[in-house]
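J.: Here it is, the structure in full.
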Amino acid sequence: MTGPAVLIERVSKSYGAVRALIDVSVDVPRGACVALVGESGSGKTTLLRCINRLVSFDAGRIAVFGTNVLESEPVALRRAIGYVPQDGGLLPHWRVRRNVALVPWLDGARDAPARADRAMAAVGLEPAMAERWPHELSGGQQQRAAVARAVAGGQSLVLLDEPFGALDAIARSDLQAMMLELRERSSLTLVLVTHDLHEAFRLATAVVVMRAGRVEQHGPPAAIRGSPATPYVSALLARAGIEAA
Amino acid sequence: MRPPAALLCAAILLPNGAMPPPPPAARPARAQASRRPVVVASKPFGESFLLAEMFAQLLESRGIPVERRPGLGATEVAMAALQSGAIDVYPEYTGTGLLAVLHAAPMHDAAAVFDTVQRAFEQQWGIRWLPPLGFENTYAIAVRAGTAGRYGLRTLSDLARVAPEFTAGFTPDFIGRADGLPGLAHAYHLHFGSVHPLSQALKYRAIAAGKVDVVDGYSTDGSIARYGLVVLTDDRHFFPPYQAAALVGARLQRDDPAAVTVLTELSGRLSAPVMRALNQRVEIGGEPVAAVASSALQSLGLTKEQGPAAAAPAAARVSFGAYLWQRRAALWTDTLRHLLLVAVPLAAGMLAGVPLALWLERRRKAAEPVIRAVGVLQTIPSIALLAIMIPLLGVGVWPALVALWLYSLYPIVRATFTAVRDADPAAVAAGRALGMTPGQILRWVRTPLAAPGIMAGIRTAAVIDVGTATLAAFIGAGGLGEPIATGLALNDTRLILSGAVPAAVLALLVDALLAAVEWWTTPEPLRAAARERSRDR
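Top to bottom, those sequences are chains A and B.
Just so you know, we're using this note's numbering here: the first sequence kicks off at 1 and counts up by one.
Just so you know, we're using this note's numbering here: the second sequence kicks off at 1001 and counts up by one.
As structure tokens, this is what we get:
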């Protein structure tokens, strides 16, 4: 089993008359971090949500670790894949440990709290945080907890939807460093949606530039930076203040 | 267990085990112990209370057991109860039967009116008008003596000239019924500057205080003399004869003809002056209804022995606190009944409303139509909803429980649905993305986050129920509404307060109790927010 972690083939999705995804094909190798970048409305979040069937696509095929997602039961599929929303999405009425333990607890694991503690350690959250309420944590700590929750069930694939977009620059940088380290150590495969090209270039092994539901360019950061495929990509880079290498 | 035992006794005592033929009049007291009590009811005003109490004491003096249901809502409630057999007898007036029940054209001959209602009630519902009691109590339109003098008012035709300058205070019953204001306005081209619906007791205070200029009353009403009012002559003879009589339901005629015979003993015995004097003793003298009824029956020679109630003197003027203490037994019973009238419908409302709302949250398309349909129940006036229940459930506590339950549904369903639907969208989305099933999201995310909103709905329903339950007295359900309704009918402020004050205290206590429950059910991190909200409120 050495196929890609996620294989997206010619996926299309429309919301009424609006075509959100048009014939999109992307592959995410195991251990990779693929960043989906583009402006609002480019379809990057819709594509991310097709992977764990939060969004049902109209045509095409998506396989996760070789299995067609349409053949998986959606709830089981989502539990097998980690997910980090932009705002953390911690349950405000649960203490941090219980939040982090969510997926193992749903799966009935007896050692769910212990797994939560290990996941918290892996994302650099002090043990004292476990007994806190989410609102008592800083924004950065909340996102660390959200990442811990996404991996506490032993998931090897994690989807991140603008995970650090709402944080200040210092916290964002800290979290990015943590993610790099975590991916390395835990051999995670990540699919990251971001509008921040700097973040994409720092974290990703491959970048997918999307525009109006289509893939504009797909390649390693260096290739995108070195030879933008279209004027649109060049403009996007220029706007982010990234010089063509 | 009592009826079979008594039947057995009768069978042993009688030769051949034959049942005795019903004796013509009074039967000995002991033989009556097994029979169903005669349910004696009244409408909510003093004279009706008094007549019903006289019916009841007369029956009791002949050894016939009685159950009292005084103060039933209005004509519609009392008639519905009589038709359904929930009550057996209540005092009514022929004119009311003709116009308000039969909706027939007005007639002016007393005998013709009696014949008409007697025949129609018998045919339609098997209800019998016993021979009239002997007095008429017609509507009377009254003004202050000063007003009459200043404007030269003697008749209703005189009143029609100046009516546009006048403010009227009429009972809601009078404003609504065909033989009341609508018909009167038509007959005399009478148009008042404004008309306020006022209860029987408030009306007189309002006219005495100069807040209204014209009121409706009854010709045997004790209050007309008390407040120095002048009754205007019905010079066009609009008001039909209102002869008072006992109205007897079909069941009592069939099952207990002896009781009916006893009731006829009052026929023709009460003249208008006698009745007015009795009404004054109750409404102005403040004597207990039971005592006045008892002494009236004795002076008519219908009862001999001194009833225990007759010995009771008119309530001495004591402080309100001492008055409440004197009434503590009744107050305790009324309060317990009131709590029952609040707790049971509220619990049933929660058991039905919360699951319904949670179900609707999963079927959003059905939600709005269903919640609106539940909301329509809320728009039915309380007394009408209570009246609707009577043919289905009779009078007493059951129709009240069902009606109050229906009232509690809408606030609970609406608040629960809204709170659950709008529960922290980020938390709900995260739960779904991480693999919670819809049921798990409802159980672990939406419902706990919605707890404060759900409790707010329950508190609203509870306060509505505490208030509306006071109206349940009008269909014989008891509770703290009973002293209020009786006090209003008898113009007894302290009696009104002895129901109203505990009801208000109860509302505060119930709300405080539920506030504590709300605190307890609100997830800890959300409590600070809830505290903020309650401070704003």
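Backbone N, C-alpha and C define an ideal beta-carbon position, used for all residues, glycine too.
Any beta-carbon of chain A closer than 8 Å to the one on B:Thr-1437?
T.: Closer than 8 Å to some Cβ of chain A, the Cβ of B:Thr-1437 qualifies, so yes.
J.: Output the distance between the C-alpha atoms of A:Glu-126 and A:Ala-152, rounded to the nearest integer angstrom.
T.: Going from the Cα of A:Glu-126 to the Cα of A:Ala-152 covers about 16 Å.
J.: With a 10 Å radius around its C-beta and 16 neighbouring C-beta atoms as the bar for buried, classify B:Trp-1325 as buried or exposed.
T.: Under this definition B:Trp-1325 is an exposed residue.
J.: Three Cβ pairs or more, each shorter than 8 Å: is that satisfied between the region 1372-1385 of chain B and the region 1433-1448 of chain B?
T.: Too few Cβ pairs lie closer than 8 Å, so no.
J.: What is the rounded straight-line gap between the Cα of B:Ala-1309 and the Cα of B:Ala-1052?
T.: Its pLDDT being 47, under 50, B:Ala-1309 is placed unreliably in this model, and the coordinates cannot settle the point.
J.: Using a beta-carbon distance below 8 Å, is B:Ala-1430 in contact with chain A?
T.: At least one chain A Cβ lies under 8 Å of B:Ala-1430.
J.: What span of residues does the alpha helix (DSSP H) with B:Gly-1301 cover, start to end?
T.: Counting along the chain, B:Gly-1301 falls outside any alpha helix (DSSP H), and DSSP gives it neither H nor E.
J.: Could you round the C-beta distance between A:Val-34 and A:Ala-212 to whole angstroms and report it? I think they count as a contact, below 8 Å.
T.: About 20 Å separates the two Cβ atoms, so there is no contact after all.
J.: Tell me the DSSP bridge mates of A:Met-210?
T.: Paired residues: A:Val-215.
J.: Pick helix, strand or coil for A:Leu-190, following the three-state DSSP scheme.
T.: Three-state DSSP puts A:Leu-190 in a strand.
J.: Cα-Cα, which of B:His-1338, B:Ala-1384, B:Thr-1261 and B:Ile-1388 is closest to B:Val-1505?
T.: Nearest option by C-alpha distance: B:His-1338.
J.: Are the region 1114-1131 of chain B and the region 1149-1159 of chain B touching, with three or more C-beta to C-beta distances below 8 Å?
T.: No: fewer than three Cβ pairs fall under 8 Å.
J.: Would you list the one or two residues that DSSP bridges to B:Thr-1155?
T.: Per DSSP, B:Thr-1233.
J.: Over the uninterrupted alpha helix (DSSP H) stretch that includes B:Tyr-1407, give me the two end residues.
T.: Residues 1397-1421.
J.: Is A:Asn-52 helix, strand or coil when you go by DSSP?
T.: Here A:Asn-52 sits in coil by DSSP.
J.: Within this structure, are the beta carbons of B:Pro-1070 and B:Ser-1042 separated by less than 8 Å?
T.: Cβ distance < 8 Å, so B:Pro-1070 and B:Ser-1042 count as in contact.
J.: Compute the Euclidean distance between the alpha carbons of B:Val-1402 and B:Thr-1468, then round it to the nearest angstrom.
T.: Straight-line Cα distance between these residues: approximately 12 Å.
J.: Kindly list, in the order they appear in chain A, the residues whose Cβ is closer than 7 Å to that of B:Val-1445.
T.: In chain order: Leu-91.
J.: Measuring straight from C-alpha to C-alpha, what distance separates B:Val-1501 and B:Trp-1519?
T.: C-alpha separation (whole angstroms): 27 Å.
J.: Taking CB distances under 8 Å as the criterion, tell me whether A:Leu-15 reaches chain B.
T.: Note that residue 15 of chain A is Tyr in the sequence shown here, rather than Leu. No, A:Tyr-15 does not count as interfacial toward chain B.
J.: Going straight from the alpha carbon of B:Val-1318 to that of B:Arg-1226, what length do you get?
T.: When rounded, the distance between both Cα atoms is 23 Å.
J.: Taking only runs that begin and end inside the region 42-116 of chain A, name each unbroken alpha helix (DSSP H) of 4 or more residues, in chain order.
T.: Entirely contained in the region 42-116 of chain A, the alpha helix (DSSP H) runs reaching 4 residues are, in chain order, 44-51, 74-80, 96-100 and 102-106.
J.: Does A:His-195 come within less than 8 Å of chain B when only Cβ atoms are used?
T.: Chain B contact via Cβ: absent.
J.: Near B:Leu-1514, what residues of its chain come up, given a Cβ to Cβ distance below 8 Å and the 5 sequence neighbours on each side ignored?
T.: The residues are Met-1455, Ile-1458, Arg-1459 and Ala-1462.
J.: Give a yes or no on whether the minimum CB-CB distance between B:Pro-1070 and chain A is below 8 Å.
T.: It does not: the Cβ of B:Pro-1070 has no partner Cβ on chain A nearer than 8 Å.
J.: Between B:Ala-1433 and chain A, is the shortest Cβ-Cβ distance under 8 Å, so that the two count as touching?
T.: For B:Ala-1433, the answer is yes, since a Cβ of chain A falls inside 8 Å of its Cβ.
J.: Buried or exposed for B:Pro-1182, please, with buried defined as at least 16 other CB atoms from any protein chain shown within 10 angstroms of its CB.
T.: Exposed.
J.: Check whether chain A comes within 8 Å of B:Asp-1511, counting only Cβ atoms and requiring the distance to be less than that.
T.: False, the Cβ-Cβ gap to chain A never drops below 8 Å.
J.: Give the secondary structure of B:Gly-1249 by DSSP, where H, G and I count as helix, E and B as strand, and everything else as coil.
T.: Three-state result, B:Gly-1249: coil.
J.: Identify, in the order they occur along the chain, each residue of the same chain with its Cβ nearer than 6 Å to the Cβ of B:Pro-1024, setting aside the five sequence neighbours on each side.
T.: Because B:Pro-1024 carries a pLDDT of 43, less than 50, the predicted location of this residue cannot be relied on, and the following value inherits that uncertainty. None.
J.: Closest to B:Glu-1047 by CA distance: which of B:Arg-1443, B:Tyr-1218, B:Val-1466 and B:Leu-1229 is it?
T.: Nearest of B:Arg-1443, B:Tyr-1218, B:Val-1466 and B:Leu-1229 to B:Glu-1047, Cα basis: B:Tyr-1218.
J.: From the beta carbon of B:Ala-1315, is the nearest beta carbon of chain A less than 8 Å away?
T.: Interpretation of B:Ala-1315 is limited by its pLDDT of 49, a score under 50 that renders its predicted location unreliable; the figure taken from the coordinates is listed afterwards. No, B:Ala-1315 lies away from the interface with chain A (no Cβ there is under 8 Å from its Cβ).
J.: Which chain B residues are close to A:Arg-79, counting only those with a beta carbon under 8 Å from its beta carbon?
T.: Result: Leu-1434 and Gly-1435.
J.: For the region 131-154 of chain A, which residues have a beta carbon sitting closer than 9 Å to at least one beta carbon of chain B?
T.: Result list: Trp-133, Pro-134, His-135, Glu-136, Ala-146, Arg-149, Ala-150 and Gly-153.
J.: Check whether the Cβ atoms of A:Val-11 and A:Thr-189 sit closer than 8 Å, and answer yes or no.
T.: Taking 8 Å as the Cβ cut-off, A:Val-11 and A:Thr-189 do not qualify as a contacting pair.
J.: Counting C-beta neighbours from all protein chains within 10 Å, is the total for B:Glu-1092 16 or more, i.e. buried, or is it exposed?
T.: By the 10 Å Cβ count, B:Glu-1092 comes out buried.
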